[in-house]
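Enquirer: One structure coming up, written as structure tokens, with questions to follow.
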Amino acid sequence: MSPHPERLFTRADWTGDRTLDCDVVVIGSGAGGAVTAAELAESGLDVILLEEGGYNPTETFKPEALRAARTLYRDGGGTVSIGNPAIAYQEGCTVGGSTAINGGMSWRTPERILERWYREDGLDDILPRDMDARFQRVEKRISARHQDPSTIGRDNQLLKAGADKKGWEVIDNIRNQVHCVGSNTCAFGCPTGAKQSTLVTYVPRALAFGARLYADCRVDKLIVERGHVRGVTGRVKRDDGGPSHRFTVRARAVVSSAGAMHTPALLLRSGIRSPSGRLGHNLSMHPNVKVIAQFDDPVEGWKGVHQAYQVREFQDEGFLFAAVNLPPSVLAMGTPMYGAAMADLLENYNNVLTAGMLLEDSVVGRVRLGPGGQPLPFYQMSDFDALRLVRGTALLCDLLFAAGARRIVLPFEGVADLYSPDDVRRLFARPIPKSAMEVVTVHLMGTAAMGGDPQRHVCDPYGKVRGYEGLWVADASLFPSPIGVNPMETIMALATRNAERMLETGAGSKQQ
Amino acid sequence: MSQSFHFSSGQRRTLRAMTHVACPPDVAALGCEERIASEVELALGSFPPIMRFGVVASLVIFEWFAVVVPASFGRRFSALPRAGQDRYFAACWHHRWVLVRQAMKGIKGLIAMAYYELPEVKERLGYRPEPWIAQVKAMRLEKFGDEIRKHAQLVTAPDVLVPATSLSRRSNDVTAS
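As structure tokens, this is what we get:
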């Protein structure tokens, strides 16, 4: 294994309690935190980047789901929102954050969303022409581009063939990759290093410009003195996850990039109270469901790129379709069957195509503080969204039958498998209870929204937390609304925009 | 990262019995019940305490609730004959209470995940990602090495962020179309 990069420290480097000083401390090394740290460090600020997860470089990544869940995911991936249906959600907890375990989709924020944020949320400097240079800057760093055609596997080819037969709009995905060769284990860390997560882009960039990164460091609280946030306190995590040495980081500015669950939780347990009363509110989740389509011929979806295409025909209705290959273990975990029935499906693993549908949700939930100061998300899917999930699933099944599927296993408990396009109508024969839906998500947004209205928005239009000095947010918590596409590039571009404002206003500088 | 967590012997016995029902029929022939239980233990160790408690409590309730089911004649789940275990598991799987169904799905999910992570099972399914990854990784380096190095250099090349005030003012007062 290669040695740790310079200025990167792990639990092995701690011998006792310590106090550190810097201009800006950034909490979290994912899409928001790493970008903020790199931009501020390059501009000459002394930056410390804290990451709760461990340092897991490319050469440690293996296609083993359980091992990856334990080492790269927050709480082993065992996180669920409370509501009907309960929605399993996943977040990265490793250097690189969720960018280390996502599928590498790099989409600009849809123009309609940016325009809505401008009109309805009072965000300046956010229109597509304002953001263009920021998107370009991010895209250059993470190498956002189309996939080499030779790496597109049969699962994606079938998805595209089905969409073409239906006459539906299908687009080539833009992914953050340098010659991704389709090992299709993005969710367990890219084993080739092709995916340009922050682990291999913005984190090395931040370190190159003098930032210090402390992995295995969990922030417990912000240090708040008379409305001014002066730093953070926390504990180094032992190898078994337990707490060991204490640390304090004193800083002129603090940036929380802990994600839409943990940013509001950290702020709430630190006693931060938003004048809007909306901290933790406005949680969007992009709920999604997956169907398993069995084909006569081999698909071998694990040989080829993850999500080469997206079906965008129904984007105006708020849903997208994509092929999302899963290893047998993860597929088996989520199937609504067991024993011989599950074996019957999985014995044909190489003949199945797993496809997902992402929904732009119309309701919001809330993150509250749970036991031990941990986030407790409440999210109640609306009847309207549940109907849209069923409609989207039906359309996706139509597409898969058009592609030649001979059997489709649904994510709805108690609904029999489909064997022909005529069977798809059965989905509407009687209402499917929300509790019977197997819904998951990896897109969490909106819990410390930015905007121009102090009554509605926790943060000002540039991510500074209202009512406090020296506290900023840089992650998907800032989104005033769901965006309907994969959020990584939006988080990165907003972090770039807001870092500009931090520099303009002297946040973190000695002159402040 | 995992907190160290271990099942009690009774919980382990319940889980082993559940693997026979939840997994494909070859689980006994493979003799992999212990390995599955250990993997589930490791997974639970990394779960949030409240989830871990939920799973363990569900296992205990599942084991002992069988005692009051008339067809069990007072026996725990793990003491039932195989056909009885199948019937009891199915009854819980289809139970009218959502919470019971969700607990069953959760435990089955963990067991199934551990089973399908076994190397011999992956091999039988024809899922062999390691050699595939080694092959495409080598091909990538051979074919695109120069471009990969070039991008790695770009990642750390100076390109300082210019604050917005240094640029011509953007469109703050322009109405969105």
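Here the protein sequences come in this chain order: A and B. Residues 0 to 511 in numbering that gives the first Met the number 0 are what the first sequence lists, from first letter to last. Residues 0 to 176 in numbering that gives the first Met the number 0 are what the second sequence lists, from first letter to last. Beta carbons are placed, not taken as given, at the ideal position from N, Cα and C, and that holds for glycine. None of the values given here were measured: they were computed from a predicted structure.
Residue range of the alpha helix (DSSP H) that MET50 of chain B falls in?
Expert: Sequence index remark: in the second sequence, residue 50 of chain B carries index 51 (1-based). Counting along the chain, the alpha helix (DSSP H) containing MET50 of chain B begins and ends at 48-64.
Enquirer: Evaluate the contact criterion for the stretch 134-141 of chain A versus the stretch 475-492 of chain A: three or more CB pairs, one atom per stretch, below 8 Å.
Expert: yes
Enquirer: Taking TYR117 of chain A as part of the alpha helix (DSSP H), name the residues at either end of that continuous run.
Expert: Taking the first sequence and counting its residues from 1, one reaches residue 117 of chain A at position 118. Segment 110-120, the alpha helix (DSSP H) holding TYR117 of chain A.
Enquirer: Starting from ARG390 of chain A, trace the alpha helix (DSSP H) in both directions and tell me its first and last residue.
Expert: As a first step, residue 390 of chain A must be located in the first sequence, where it is residue number 391. Here the alpha helix (DSSP H) through ARG390 of chain A covers 382-401.
Enquirer: If the cut is a Cβ gap below 7 Å, which residues of chain B does LEU386 of chain A touch?
Expert: To locate residue 386 of chain A, count along the first sequence from 1; it is residue 387. Result: empty, since nearest Cβ-Cβ is about 19 Å, beyond 7 Å.
Enquirer: Of the residues A:ALA331, A:PRO432, A:VAL439, which one's Cα is nearest the Cα of GLY108 of chain B?
Expert: Here residue 108 of chain B refers to the residue found at position 109 of the second sequence. Of A:ALA331, A:PRO432, A:VAL439, the residue nearest in Cα terms is A:ALA331.
Enquirer: Please confirm whether LYS302 of chain A has its beta-carbon closer than 9 Å to some beta-carbon of chain B.
Expert: Walking along the first sequence from the start, residue 302 of chain A turns up at place 303. Judged by the 9 Å Cβ criterion, LYS302 of chain A is in contact with chain B.
Enquirer: Can you find the residues in the same chain that come closer than 8 Å, C-beta to C-beta, to GLY230 of chain A, ignoring five residues on each side of it along the sequence?
Expert: Taking the first residue of the first sequence as position 1, residue 230 of chain A is located at position 231. Within the same chain, VAL24, LEU221, ILE222, THR247, VAL248, ARG249, ALA250, VAL253 come within 8 Å of GLY230 of chain A by CB-CB distance, once the 5 residues on both sides are set aside.
Enquirer: Going along chain B in order, which residues have a C-beta closer than 8 Å to the C-beta of SER142 of chain A?
Expert: Translated into positions along the first sequence, residue 142 of chain A becomes position 143. Going along chain B in sequence order, the residues near SER142 of chain A (Cβ under 8 Å) are HIS150.
Enquirer: Compare the C-beta of ALA331 of chain A against all C-beta atoms of chain B and say whether one is closer than 9 Å.
Expert: The residue you call residue 331 of chain A lines up with position 332 of the first sequence. Yes, its Cβ sits closer than 9 Å to a Cβ of chain B.
Enquirer: Apart from the five residues just before and just after THR174 of chain B, which ones in its own chain have a Cβ nearer than 8 Å to its Cβ?
Expert: One-based indexing of the second sequence puts residue 174 of chain B at position 175. Its pLDDT being 40, under 50, THR174 of chain B is placed unreliably in this model, and the value from its coordinates should be taken loosely. Closer than 8 Å at Cβ, skipping near neighbours: no residue.
Enquirer: Using a Cβ-Cβ cut-off of 9 Å, state whether GLY83 of chain B counts as contacting chain A.
Expert: Reading the second sequence from its first residue, position 84 is the one you call residue 83 of chain B. For GLY83 of chain B, the answer is no, since every Cβ of chain A falls outside 9 Å of its Cβ.
Enquirer: Helix or strand or just coil, what does DSSP make of MET284 of chain A?
Expert: By one-based count along the first sequence, residue 284 of chain A stands at place 285. Note: MET284 of chain A maps to coil in three-state DSSP.
Enquirer: Could I get the ranges of all uninterrupted beta strand (DSSP E) runs contained in the stretch 7-51 of chain A, with 3 residues as the minimum, in chain order?
Expert: 17-26, 46-49
Enquirer: Drop a sphere of 10 angstroms on the beta-carbon of VAL161 of chain B, count the other beta-carbons inside from all chains shown, and report buried for 16 or more, exposed for fewer.
Expert: Along the second sequence, read from residue 1 onward, the residue named residue 161 of chain B stands at position 162. Under this definition VAL161 of chain B is an exposed residue.
Enquirer: Between the Cα of TYR114 of chain B and the Cα atoms of A:VAL199, A:GLY270, A:THR93, A:VAL329, which residue gives the shortest distance?
Expert: Residue mapping note: residue 114 of chain B aligns to position 115 of the second sequence, counting from 1. Checked all of A:VAL199, A:GLY270, A:THR93, A:VAL329; the closest Cα to TYR114 of chain B is A:VAL329.
Enquirer: Which runs of the beta strand (DSSP E) at least 3 residues long sit entirely within the stretch 397-437 of chain A? Give them in chain order.
Expert: 406-408
Enquirer: Indicate the three-state DSSP secondary structure (helix, strand or coil) for THR98 of chain A in the structure shown.
Expert: Here residue 98 of chain A refers to the residue found at position 99 when the first sequence is read from its first residue. Of the three classes helix, strand and coil, the one that applies to THR98 of chain A here is helix, per DSSP.
Enquirer: Using 10 angstroms around the beta-carbon of LEU278 of chain A, count the other beta-carbons present and answer buried if the total reaches 16, otherwise exposed.
Expert: What you label residue 278 of chain A is simply residue 279 of the first sequence in a count that begins at 1. That one is buried.
Enquirer: Mind pulling the chain A residues with CB within less than 9 Å of PHE46 of chain B?
Expert: On the second sequence, position 47 is the one that residue 46 of chain B refers to. Simply ASP74, GLY75, GLY76, GLY77, THR78.
Enquirer: Keeping to the same chain, check which residues put their C-beta closer than 6 Å to that of LEU198 of chain A; ignore five residues upstream and five downstream.
Expert: For the purposes of this step, residue 198 of chain A is taken as residue 199 along the first sequence, with counting starting at 1. Excluding positions up to five away in sequence, the list reads VAL94, GLY95, ALA99.
Enquirer: Straight-line CA distance for LEU398 of chain A to LEU158 of chain A?
Expert: Residue numbering aside, residue 398 of chain A sits at position 399 when the first sequence is read from its first letter. Residue numbering aside, residue 158 of chain A sits at position 159 when the first sequence is read from its first letter. The straight-line gap from Cα to Cα measures roughly 7 Å.
Enquirer: Is there a Cβ of chain B sitting closer than 9 Å to that of THR200 of chain A, yes or no?
Expert: Position 201 of the first sequence, counting from 1, holds the residue named residue 200 of chain A. Chain B contact via Cβ: present.
Enquirer: Under 7 Å, CB to CB, which of the residues in the stretch 32-43 of chain B have a partner in chain A?
Expert: Taking 7 Å as the cut-off between beta carbons, the residues of the stretch 32-43 of chain B near chain A are GLU38, LEU41, ALA42, in sequence order.
Enquirer: Considering only the alpha carbon of each residue, which of A:TYR378, A:THR440, A:ILE86, A:VAL290 lies closest to LEU395 of chain A?
Expert: For the purposes of this step, residue 395 of chain A is identified with residue 396 of the first sequence, where counting begins at 1. Ranking A:TYR378, A:THR440, A:ILE86, A:VAL290 by Cα distance to LEU395 of chain A puts A:VAL290 first.
Enquirer: Is any beta-carbon of chain B found at less than 9 Å from that of THR184 of chain A?
Expert: The sequence position of residue 184 of chain A within the first sequence is 185, counting from 1. Closer than 9 Å to some Cβ of chain B, the Cβ of THR184 of chain A qualifies, so yes.
Enquirer: Give the secondary structure of THR232 of chain A by DSSP, where H, G and I count as helix, E and B as strand, and everything else as coil.
Expert: By one-based count along the first sequence, residue 232 of chain A stands at place 233. DSSP places THR232 of chain A in strand when its eight states are reduced to three.
Enquirer: PRO374 of chain A bridges to which residues according to DSSP?
Expert: Along the first sequence, one-based indexing puts residue 374 of chain A at 375. Note: PRO374 of chain A sits in a beta bridge opposite A:LEU368.
Enquirer: Using the C-alpha atoms, what's the distance from ASP459 of chain A back to GLU116 of chain B?
Expert: Counted from its first residue, the second sequence places residue 116 of chain B at position 117. Counted from its first residue, the first sequence places residue 459 of chain A at position 460. Roughly 47 Å between the two C-alpha positions.
Enquirer: Answer yes or no: do GLY371 of chain A and PRO48 of chain B have a C-beta to C-beta separation smaller than 9 Å?
Expert: Counting from 1 along the first sequence, the entry for residue 371 of chain A is found at position 372. Counting from 1 along the second sequence, the entry for residue 48 of chain B is found at position 49. Using a Cβ distance threshold of 9 Å, GLY371 of chain A and PRO48 of chain B count as a contacting pair.
Enquirer: Give me the subset of the stretch 321-350 of chain A whose CB atoms are less than 8 Å from a CB atom of chain B, sorted by chain position.
Expert: PRO326, PRO327, SER328, VAL329, LEU330, ALA331, MET332, GLY333, THR334, PRO335, TYR337, GLY338, ALA339, MET341, ALA342, LEU345, GLU346, TYR348, ASN349
Enquirer: Sorted by chain position, which residues of the same chain lie with C-beta nearer than 6 Å to TYR461 of chain A's C-beta, five sequence neighbours on each side aside?
Expert: Position 462 of the first sequence holds residue 461 of chain A. So the qualifying residues of the chain are ASN497, ARG500.
Enquirer: GLY196 of chain A by DSSP, collapsed to three states: which one?
Expert: The count along the first sequence starts at 1 and reaches residue 196 of chain A at position 197. Per the sequence shown, residue 196 of chain A should be read as Ser rather than Gly. Here SER196 of chain A sits in coil by DSSP.
Enquirer: By the criterion of Cβ-Cβ separation under 7 Å, what are the contact partners of GLN373 of chain A in chain B?
Expert: On the first sequence, position 374 is the one that residue 373 of chain A refers to. Result: PRO47.
Enquirer: Which class does SER45 of chain B belong to by DSSP, given the choice of helix, strand or coil?
Expert: Along the second sequence, one-based indexing puts residue 45 of chain B at 46. In the structure shown, SER45 of chain B sits in a helix (DSSP, three-state: H, G or I).
Enquirer: Within the same chain, show all residues whose beta-carbon is closer than 7 Å to that of SER167 of chain B, passing over the 5 residues directly before and after it, in chain order.
Expert: Sequence index remark: in the second sequence, residue 167 of chain B carries index 168 (1-based). Unreliable positioning characterises SER167 of chain B in this predicted model, as indicated by a pLDDT of 45, which lies under 50. The coordinate reading is nonetheless provided below. Excluding sequence neighbours, SER167 of chain B sits near nothing in its chain.
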